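J.:
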Ligand code: 5GP
Ligand code: MN
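This is the structure:
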């Protein structure tokens, strides 16, 4: 991606006053960390900034520096100059935030999803970047935008969570260089890592126990999956955010290539979350067949039907794909 694009984006950021910084529904660490990092940097530039997410701040990411600045969108729509959408592959995954904008002069779209069609007036899509937080770091450096410890910690969480703690294959030498620079900018690695990975509510582990009780294997043990019914979610009083990362327990099993998590939703759909351990199995392509999307090794979809129907359809398709891989 060209540095000229950063110049254009930097110019728009400097020349306007009222900003809204958005990200996707069911936000993850990259979404929330990126929103806060850019929002804080703009605030340091003296801008008037709204940082809204469909779900507001999640309890599990409440530790992010200045987390209180990230809220649900207001009921009454507002006028802004610039909307910045972060980490969001398609505009409708911005959820209710879009309706809270009465007017905006410019939409900027910064993302790393390969399927992003470029719905902004200014688009910076880099599918090779492991996290939107990594792109933001490059933008901040390139354009000399403010960075401080709070911004650095938000970027660090964004990058750490989207790379599975610097382990996924999308992690590059540049990712480690950026991590080093963030540590130099003040990130307390031990404290932030503990808050990110060793601070789960007990109900999340109860949920894991429930899910492991439903675990099954297909395609000669190369596909592992588990499911969450609405009834179990209710019984355990889990929040949607509690299941982020639990699928990694399936991916971590020796011999498993594809991990799948099925979550029954209240709207007659099933949320499907998929991970692949082999670049020969593109789970994004599987999810796209069912109206979803994502990355080659991590993708998802929301599929209409009962849990049993969706499990059957998806497992059939996944088995078909996996059977073609040696
Ligand atoms: P997760 O499984 O963690 O929910 O999502 C993994 C990846 O797939 C993320 O990059 C996310 O953006 C994408 N993804 C998840 N669900 C959907 C969906 O319903 N539609 C699309 N287009 N992408 C999704
Ligand atoms: Mn991301």
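In this note's numbering, the protein residues as written are 22 to 347.
Just so you know, even glycine gets a beta-carbon here, dropped at the ideal spot from N, CA and C.
In this text, all values refer to a predicted model and were calculated from it rather than measured experimentally.
Taking only the alpha-carbon atoms, compute the straight-line gap between residue 156 and residue 299 and give it to the nearest angstrom.
T.: Answer to the nearest angstrom: the Cα atoms are 25 Å apart.
J.: Return the CA-CA distance between residue 26 and residue 318, expressed in angstroms with no decimal places.
T.: Roughly 28 Å separates the two Cα atoms.
J.: Buried or exposed for residue 43, please, with buried defined as at least 16 other CB atoms from any protein chain shown within 10 angstroms of its CB.
T.: Per the 10 Å Cβ criterion, buried.
J.: Buried or exposed, going by whether 16 or more other CB atoms sit within 10 Å of the CB of residue 194?
T.: Answer is exposed; the Cβ neighbour count stays below 16.
J.: Quick check: is any heavy atom of ligand 2 less than 8 Å from the C-beta of residue 258?
T.: No.
J.: Give a single yes or no on whether residue 268 has its beta carbon closer than 8 Å to a heavy atom of ligand 1.
T.: Under cutoff, so the answer is yes.
J.: Does residue 214 get closer than 9 Å to chain B when you measure Cβ to Cβ?
T.: Protein chain content of the structure displayed is limited to a single chain, and chain B is not contained in it.
J.: Assign residue 152 to one of three DSSP states: helix, strand, or coil.
T.: Here residue 152 sits in coil by DSSP.
J.: Pick from 40, 72, 328: whose alpha carbon is nearest that of residue 252?
T.: Looking at the Cα atoms, 328 is the closest of the given residues.
J.: Using a Cβ distance threshold of 8 Å, determine whether the stretch 71 to 78 contacts the stretch 32 to 51, with at least three qualifying pairs required.
T.: Yes, the stretch 71 to 78 is in contact with the stretch 32 to 51.
J.: Tell me, please, which residues DSSP counts as bridged to residue 130.
T.: 106, 144, per the DSSP bridge assignment.
J.: Helix, strand or coil: how does DSSP classify residue 263 here?
T.: Reduced to three states, the DSSP call for residue 263 is helix.
J.: What residue range is occupied by the uninterrupted alpha helix (DSSP H) comprising residue 61?
T.: Taken as a continuous stretch (DSSP letters only), the alpha helix (DSSP H) holding residue 61 covers 50 to 65.
J.: Is any heavy atom of ligand 2 found at a distance shorter than 8 Å from the C-beta of residue 401?
T.: The question about residue 401 has no answer, for the chain in this structure spans 22 to 347.
J.: Pairing CB atoms from the stretch 230 to 240 with CB atoms from the stretch 86 to 94, are three or more of them under 8 Å?
T.: No, the stretch 230 to 240 is not in contact with the stretch 86 to 94.
J.: Using the Cα positions of residue 246 and residue 331, report the straight-line distance between them to the nearest angstrom.
T.: Roughly 12 Å between the two C-alpha positions.
J.: Less than 9 Å between the C-beta atoms of residue 278 and residue 244, yes or no?
T.: Contact: yes.
J.: How many angstroms separate the CA atom of residue 305 from the CA atom of residue 158?
T.: Distance between the alpha carbons of residue 305 and residue 158: 26 Å.
J.: Is there at least one non-hydrogen atom of ligand 2 closer than 8 Å to the beta-carbon of residue 133?
T.: Yes, since a heavy atom of ligand 2 falls inside the 8 Å radius drawn around the Cβ of residue 133.
J.: What are the complete beta strand (DSSP E) segments, minimum 3 residues, inside the stretch 74 to 126?
T.: Correct list: 103 to 107, 122 to 124.
J.: Tell me whether residue 147 counts as near ligand 1, meaning its Cβ is closer than 8 Å to at least one heavy atom of that ligand.
T.: Flag unset: Cβ of residue 147 not near ligand 1.
J.: Going by the DSSP bridge assignment, what does residue 279 pair with across the sheet?
T.: Answer by DSSP bridge pairing, in chain order: 244, 297.
J.: From residue 291 to residue 47, what does the alpha carbon distance come to, in whole angstroms?
T.: Whole-angstrom Cα-Cα distance: 14 Å.
J.: Any heavy atom of ligand 1 within a distance shorter than 8 Å of the CB on residue 170?
T.: Incorrect: residue 170 has no Cβ contact closer than 8 Å to ligand 1.
J.: Tell me whether residue 292 counts as near ligand 1, meaning its Cβ is closer than 8 Å to at least one heavy atom of that ligand.
T.: The answer is yes for residue 292.
J.: Given this structure, state the Cα-to-Cα distance separating residue 348 from residue 98, to the nearest angstrom.
T.: It is not possible to answer for residue 348, since the shown part of the chain is limited to 22 through 347.
J.: Below 6 Å CB to CB, which residues in the same chain sit around residue 294 once its five sequence neighbours on both sides are set aside?
T.: Excluding residues within five positions, the ones whose Cβ falls inside 6 Å are 268, 282, 321.
J.: Which of helix, strand or coil does DSSP assign to residue 348?
T.: Nothing about residue 348 can be read from this structure; the chain reaches only from 22 to 347.
J.: Would you mind stating whether residue 175 and residue 87 have Cβ atoms separated by less than 9 Å?
T.: Contact: yes.
J.: Ligand 2 and residue 152: does the residue's C-beta get closer than 8 Å to at least one heavy atom of that ligand?
T.: Checking every heavy atom of ligand 2 against the Cβ of residue 152, one is found closer than 8 Å.
J.: Can the beta-carbon of residue 183 be found closer than 9 Å to that of residue 153?
T.: It is a contact, given that the beta carbons lie within the stated cut-off.
J.: Go through its chain and collect everything with a Cβ distance to residue 173's Cβ below 7 Å, but skip five positions before and after it.
T.: So the qualifying residues of the chain are 203, 206, 207, 208.
J.: If you count every other CB in all the chains shown that lies within 10 Å of the CB of residue 49, and 16 or more means buried, which is it?
T.: Answer is buried; the Cβ neighbour count reaches 16.
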